[in-house]
Amino acid sequence: TSFASKFLRNNGITLFKVREETIKLLGKSDMYFFSPEHPPLTDPAQRALDWAVDEKIKS
Numbered sequence: 001t002s003f004a005s006k007f008l009r010n011n012g013i014t015l016f017k018v019r020e021e022t023i024k025l026l027g028k029s030d031m032y033f034f035s036p037e038h039p040p041l042t043d044p045a046q047r048a049l050d051w052a053v054d055e056k057i058k059s
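With full-length UniProt numbering, letter number 6 in the sequence shown gets 6, and the count goes up by one each step, no holes.
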């Protein structure tokens, strides 16, 4: 584990506590608008991804 993760854990900052605070700030429905594993893409990033998929399909 990294120094940062050890520091956070040693100071009582856990994923669950961060989620709880996020729910307090944003509300539960906003928290599940997107998955942390799949955050929303910017328009240029989405266009680049679409282009890459199209190119792969063509080949």
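Just so it is clear, CB atoms sit at the ideal spot from N, CA and C, and this is done for glycine as well. Keep in mind it's a predicted model, so treat the numbers as computed, not measured.
Reduced DSSP category for Pro40 - H, G, I as helix; E, B as strand; rest coil: If DSSP states are grouped into helix, strand and coil, Pro40 belongs with coil.
Inter-residue Cα distance where the pair is Asn10 and Thr42: Rounded to the nearest angstrom, the gap between the Cα atoms of Asn10 and Thr42 is 35 Å.
Grab me the residues of Ile57's own chain with a C-beta within less than 8 Å of its C-beta, minus the 5 sequence neighbours each way, in chain order. Scanning its chain for C-beta atoms nearer than 8 Å, with the 5 sequence neighbours on each side dropped, one finds no residue around Ile57.
Span of the alpha helix (DSSP H) around Thr22: Its alpha helix (DSSP H) spans residues Leu15 to Leu26.
Looking at the structure shown, is Ser5 part of a helix, part of a strand, or coil, going by DSSP? Here Ser5 carries a helix assignment [DSSP, helix/strand/coil].
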